[in-house]
Each structure stands twice: as structure tokens, then as C-alpha cells.
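Numbering (this note's numbering), first residue to last: 174 to 272.
Glycine residues also receive a C-beta, built at the ideal position from the N, C-alpha and C atoms.
Bear in mind that the values here come from a model prediction, so they are computed numbers and not experimental data.
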């Protein structure tokens, strides 16, 4: 949640800076370079924050998928023999490989 707030905040900061820049349209070359430099830094910050947020999200998804798979496998190994007699092997393999 904190990463999402940071990403959205950086997007908003870039938008606000563009509105400030566009409201001061008739500026000297030095002012234009200043506005461009600040906008570039804000864009770079947005890129870095988005990359970190995506990495953290991917790490949590992988960890969750592993936990679910381990729980499914331990549940399957603890199942009574009657379960294996009534359930086709292909269905069991399908459930473990898809999820």
C-alpha cells in the first residue's frame, strides 16, 4: 500500500510540475532548462519507485504461490488412500500444475 501511494504521488508531482511549467510558457532558455531538469528528475524518480514497487509485488506473489503449492502438496500427501482410489491421477496432477 505504501508503494502504491508513493507511485501515485510521484505521478501527481510530475503532473503538477507540468502544469506549473505550462502556466509559465514564455520563459528564457535558462528557465526552460530548469523546468526540464526538474521534470526529468521527477520522471526518473517515478521510474525508480515504480520499478521497486513492481519488484516487491512480484516477490510477494512468488512467495504466496509457493506457500499455496506447499500447502496443497502437504494436504495431498496427508490424504487417505480412498481419495487416491476415487480421484484420477490426471486430475491430481492437473490441480498441482495449474495452481
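Asked                                                                                          : Found
Residue burial classification, residue 272 (beta-carbon count within 10 angstroms, cutoff 16)  : Below a pLDDT of 50, predicted positions are generally treated as unreliable, and residue 272, at 48, falls in that range; the measurement from the model is reported next regardless. So residue 272 counts as exposed.
Secondary structure of residue 248, DSSP reduced to three states                               : helix
Residue 195 versus residue 235 - alpha carbon distance                                         : 43 Å
Buried or exposed by the 16-neighbour rule on C-beta atoms within 10 Å, applied to residue 205 : exposed
Range of the contiguous alpha helix (DSSP H) that encloses residue 193                         : 175-196
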